[in-house]
Amino acid sequence: MELLDKLTILADAAKYDVACTSCGVDRKAQKGQLGETTSAGICHAFSADGRCITLLKVLLSNVCSYDCAYCVNRRGNDIPRATFTARELAELTIGFYRRNYIEGLFLSSGVLRNPDYTTEQMCEVIHILRDEYHFRGYIHAKAVPGTSDELLVRLGVLVDRMSLNIEFPSEKSLKLLAPQKAGDAIIKPMGFIRDGIKANYQDKRLSTVRRTRFVPAGQSTQMIVGASPESDYQILNLSASLYRSFELRRVFFSAYIPVNSNPLLPTTSEVPLLREHRLYQADWLMRFYQFDVSEIIDEEHPFLDPLIDPKCNWALNHIDQFPAEVNRVPYEMLLRIPGVGVRSAKRIMLARRERALRFEDLKKLNVTMKRAQYFITCNGSYAQGVLFDPVGIYDKLTHNAQQRRFKGVLEGQLGLFEQEPQRALVRV
Amino acid sequence: MTGFSYLYDGTLEGMLSAVFVAFQRKEYPENIIVEQDLQESLFCGYIPTLTNLEHAERVQSGILNTLGVRAYDDVKHAFLSDEPSKGGVILRYLQYTMKRGSRACTHLAAPAVHDFEELCSRVSKEAHYMLQFVRFAQLSNGVFFSQIAPKANVVPLIMDHFAARFNIQPFMIYDAVHGLTGVFDTERWWLVDARELQLPAHSLQEDEFQALWQTFFDTIAIEERKNPTCQRNFMPKRFWNNMCEQVPPQLRNLRPKTKTPTQAIQVKNRLLA
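From first to last, the protein sequence lines are chains A and B. Just so you know, we're using the working numbering here: the first sequence kicks off at 1 and counts up by one. Just so you know, we're using the working numbering here: the second sequence kicks off at 1001 and counts up by one.
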């Protein structure tokens, strides 16, 4: 089979993996060696679906001995199959990298024979890249559930980031839809990688360079949203506990796209993109805005409001803490004002040392006034024409979304859930 | 109207000399304009300034001592902008900050500082776009060549980045808009003024790599999630001309012969239904 055909098959097979980041590790260039990584990462292209392309994201092989219900590559599917040779894939990566197409390689694979054999094959590719081509770019590898600890260590020192997909937000769904990955096949290696990173980092006998050699960019995971009955409440609590107990760098969500027909899977043709978007917004609140998961969602209202973002929702439910006086409140409170992001909060902190800020100034500091105006005062006064009325604010903030919904334009791009949205009641 | 502007020769030294003149004479010109770009207006006077290396160096060390290295880097960034108002923006920034000290650089709500920050960030953003979207093609003599069309004169800002990561390969970045080429020979990089280039043909492997990349780019997108607005927001269309993956499929000579797994399943599902 020609390389071009192999690439088509193995890129297509890998495209449902969400993670495509090249961040989290700074490795300076070295004379005579190709490549470097920057801690913020660089996106080199954006595909037609608007997702970033930063790594060459492929499977080593889409031959798989597992039969997970949701997966394109399941054993039972009659599809074209291909496998890269290690040298082929290494050369492809280098060729792309030298043309500034990519930051590095994202390597996953179907389970060839057994997890250990698969991981060995993956190690071989990365070994060629690192030790023959002295490639200093970014490498993200998937750990195959069930791989032995020795092989995880071997893989861990070669790559920058490792990930294991948790796939479903509950053990029950996992057992039903991916029986070969159930049990502690995912959780155990996750814990092993976490301990490896910690031990390596704390080992005082190692030089500082070697100390950060084991999975320096940390680990991540992903779960499918909308293929199983779990609520947003369960999903967000699970990801919060993953951040806490496994020190993950990222938890990715992937809106379920029906590929296989299977009685166990929902038959909806609508991709829950809006739900995925709201989950990411909540995820950002936890990672960058100092929110606790219990502040974002509770058991009585287990789904995020599709009409309004979780930060606005929180603000409306805690309206007693508003309006916030922009010129006085501490940084932590600035972060909680809808329409104020991390950058604009920092800019406000700097700018207000010089003068008392007015509404015009806030616009210059890139505050989104459309949302912020309802929740702030500048020097004690509200923005012109704004009334401080929680119910009215909710209507105003959701006006556009409701209009679109009324006209039925929300289908597709902004698909709604099947059930009526349950909004946390505004407590005044 | 009694406004007036300074004229300078278009070099950084010239600009800094003009700044020196403004400080010396305690004048507040509206703008500092490149002499060749001048389009005279009835309501504005023009005062030519002379480039004086000594004056330029005094301004440079003044900025470094009072405002610090970062502020001087910002001034250099802002100078690379294509906007005609840049001279005035830089001058007002320096007039505002130099008498107040380095802390004034964070007075983000002050118009002088705000306008300057905006100018800088637009240049930095353009430079970052280049780090993302520069595409090299290997020529038959082994040199990796890239053509770009940025909105600011950013080649000097991006050469360090590429020279570090691609230190094993000679490369050139040709800015067709500003007529400037960055050249790297695996040891050091320099800038060449070039309006026209004569290039050797692509190397033997080049077309195959481009076809592979185009295929990968098309395949990795998920049909059901298609979102062209989002794509254009992150990757504005003005860059597409110089990106090989944007060549429409009908114009490519190499295309995959196989179906993708997703297509194969879709065909089967349709047959079943």
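By construction, the Cβ of each residue, glycine as well, lies at the ideal position given by its N, Cα and C atoms. Predicted, not measured: the structure shown is a model, and the values here were computed from it.
With DSSP as the reference, please indicate the residues paired to residue i in a beta bridge.
| i | result |
| --- | --- |
| threonine 377(A) | Glu325(A) |
| threonine 83(A) | Ser61(A) |
| aspartate 1193(B) | Leu1180(B) |
| histidine 140(A) | Phe106(A), Arg161(A) |
| proline 1048(B) | Leu1007(B) |
| glutamate 270(A) | Paired residue(s): none; glutamate 270(A) is not in a bridge. |
| valine 1267(B) | Answer is none; valine 1267(B) lacks a bridge partner. |
| tyrosine 1174(B) | Gln1147(B), Thr1181(B) |
| glutamate 167(A) | Met223(A) |
| serine 46(A) | In the sequence as displayed, the identity of residue 46(A) is phenylalanine instead of serine. Paired residues: Cys52(A). |
| arginine 352(A) | DSSP, once it has assigned bridges, lists no residue as partnering arginine 352(A). |
| histidine 127(A) | Paired residues: none, contrary to the question. |
| histidine 1202(B) | Leu1139(B) |
| aspartate 309(A) | BP columns for aspartate 309(A) are empty, so no partner. |
Starting from residue i, find everything on chain B with Cβ-Cβ shorter than 7 Å and list it in chain order.
| i | result |
| --- | --- |
| isoleucine 79(A) | Pro1261, Ala1264, Ile1265 |
| alanine 45(A) | Phe1217, Met1235, Glu1245 |
| lysine 363(A) | The premise fails here: lysine 363(A) is roughly 10 Å from chain B at the closest Cβ pair, so nothing lies under 7 Å. |
| aspartate 67(A) | Per Cβ cutoff of 7 Å: no residues; aspartate 67(A) is ~15 Å from chain B at best. |
| threonine 8(A) | Thr1215, Thr1219, Pro1256, Thr1258, Thr1260 |
| leucine 350(A) | Thr1106, Leu1108 |
| alanine 29(A) | Ala1164, Arg1165, Asn1167 |
Report the neighbours of residue i on chain A: residues whose CB is nearer than 8 Å to its CB, in chain order.
| i | result |
| --- | --- |
| cysteine 1120(B) | Within chain A, no residue comes near cysteine 1120(B); the closest Cβ sits about 14 Å away, beyond 8 Å. |
| arginine 1225(B) | Asp49, Gly50, Arg51, Ala255, Ile257, Val271, Leu273 |
| histidine 1077(B) | Chain A residues near histidine 1077(B): none, gap ~18 Å exceeds 8 Å. |
| isoleucine 1168(B) | Gly32, Gln33, Leu34 |
| arginine 1092(B) | Within 8 Å Cβ-Cβ: nothing; arginine 1092(B) doesn't reach chain A, min ~15 Å. |
| histidine 1114(B) | Lys364 |
| asparagine 1242(B) | Near asparagine 1242(B) there are no residues of chain A at all, since even the closest Cβ is about 11 Å away, more than 8 Å. |
Return the residue from the list the options that minimises the CA-CA distance to residue i.
| i | options | result |
| --- | --- | --- |
| threonine 1106(B) | Asn379(A), Ala351(A), Met286(A), Lys364(A) | Ala351(A) |
| lysine 57(A) | Ala1221(B), Cys1244(B), Val1247(B) | Ala1221(B) |
| valine 1154(B) | Ile1033(B), Tyr1129(B), Pro1249(B) | Tyr1129(B) |
| glutamine 1210(B) | Phe96(A), Glu332(A), Pro80(A) | Phe96(A) |
| tyrosine 16(A) | Asp78(A), Asn165(A), Cys43(A) | Asn165(A) |
| valine 259(A) | Arg249(A), Phe252(A), Glu276(A), Ala227(A) | Ala227(A) |
| glutamate 1117(B) | Leu1094(B), Pro1150(B), Val1177(B), Trp1240(B) | Leu1094(B) |
| asparagine 262(A) | Cys71(A), Thr21(A), Asp49(A), Thr8(A) | Cys71(A) |
| glutamate 1027(B) | Gly1003(B), Arg1270(B), Ser1085(B), Leu1197(B) | Gly1003(B) |
| asparagine 1233(B) | Phe106(A), Asp203(A), Gln222(A), Asp49(A) | Asp49(A) |
| valine 216(A) | Pro229(A), Gln222(A), Pro310(A), Ile193(A) | Note on identity: in this sequence residue 216(A) is proline, with valine being the wrong assignment. Checked all of Pro229(A), Gln222(A), Pro310(A), Ile193(A); the closest Cα to proline 216(A) is Ile193(A). |
| phenylalanine 1217(B) | Ser22(A), Ala401(A), Arg74(A), Arg51(A) | Arg51(A) |
| cysteine 1120(B) | Asp1082(B), Phe1133(B), Gln1246(B) | Asp1082(B) |
| isoleucine 1148(B) | Asp1115(B), Phe1166(B), Pro1248(B), Gly1182(B) | Gly1182(B) |
| tyrosine 233(A) | Ile9(A), Lys181(A), Pro169(A) | Pro169(A) |
| methionine 223(A) | Tyr201(A), Pro179(A), Leu279(A) | Leu279(A) |
Short of 8 Å in beta carbon distance, which residues of its chain neighbour residue i, apart from the five on each side in sequence? Order them along the chain.
| i | result |
| --- | --- |
| serine 47(A) | Ile53 |
| arginine 347(A) | Leu365, Asn366 |
| phenylalanine 1020(B) | Asn1052, His1055, Ala1056, Arg1058, Val1059 |
| valine 409(A) | Any reading at valine 409(A) must be qualified, since the residue scores a pLDDT of 45, below 50, and its modelled position is unreliable; the value itself is stated next. For valine 409(A), where only same-chain residues beyond five positions count, there are no Cβ hits under 8 Å. |
| leucine 1080(B) | Val1123, Ala1152, Asn1153, Val1154, Pro1156, Leu1157 |
| alanine 1201(B) | Leu1139, Ser1140 |
| isoleucine 1168(B) | Thr1186 |
| valine 153(A) | Gly196, Phe214 |
Just the chain A side, please: which residues come within less than 7 Å of residue i by C-beta, in chain order?
| i | result |
| --- | --- |
| isoleucine 1173(B) | Near isoleucine 1173(B) there are no residues of chain A at all, since even the closest Cβ is about 10 Å away, more than 7 Å. |
| proline 1248(B) | Near proline 1248(B) there are no residues of chain A at all, since even the closest Cβ is about 13 Å away, more than 7 Å. |
| cysteine 1230(B) | Gly50 |
| valine 1134(B) | Asn100 |
| isoleucine 1222(B) | Lys15, Asp49, Ile257 |
| leucine 1131(B) | Ile42 |
Going by beta carbon distance, what residues of the same chain come within less than 6 Å of residue i, once the five residues before and after it are set aside?
| i | result |
| --- | --- |
| phenylalanine 135(A) | Leu34, Gly35, Leu129 |
Given residue i, which residues of its chain have a CB within under 7 Å of its CB, disregarding the five upstream and five downstream residues?
| i | result |
| --- | --- |
| threonine 368(A) | Gly339 |
| isoleucine 376(A) | Pro323, Ala324, Val326, Ile337 |
| valine 293(A) | Leu236, Asn237, Ala240, Met286 |
| glutamate 332(A) | Gln290 |
| aspartate 1009(B) | Glu1035, Thr1051 |
Against chain C, does residue i count as a neighbour if the rule is that its beta carbon must be under 8 Å from one of theirs?
| i | result |
| --- | --- |
| threonine 221(A) | Judged by its chain identifiers, the structure shown contains no chain C, and its protein chains are A and B. |
Could you list which residues in chain B have their beta carbon closer than 8 Å to that of residue i, in chain order?
| i | result |
| --- | --- |
| arginine 355(A) | His1107, Ala1109, Ala1110 |
| serine 261(A) | Asn1269, Leu1272 |
Closer than 9 Å by beta-carbon distance: list the chain B residues that pair up with residue i, in chain order.
| i | result |
| --- | --- |
| alanine 13(A) | Thr1260, Pro1261, Thr1262 |
| phenylalanine 96(A) | Phe1209, Leu1212, Trp1213, Phe1216 |
Report the neighbours of residue i on chain A: residues whose CB is nearer than 9 Å to its CB, in chain order.
| i | result |
| --- | --- |
| phenylalanine 1144(B) | Arg98, Arg99, Asn100 |
| alanine 1022(B) | Correct list: empty, because the minimum Cβ distance to chain A is about 24 Å. |
Q: Within the segment 226 to 295 of chain A, note down every full beta strand (DSSP E) run reaching 3 residues or more, in order along the chain.
A: 250 to 255, all fully within the segment 226 to 295 of chain A.
Q) Quick one: complete alpha helix (DSSP H) runs, 4+ long, within the segment 1069 to 1151 of chain B? A) Counting only unbroken stretches of 4 or more residues, the alpha helix (DSSP H) elements lying wholly within the segment 1069 to 1151 of chain B are 1069 to 1079, 1086 to 1098, 1111 to 1133, in sequence order.
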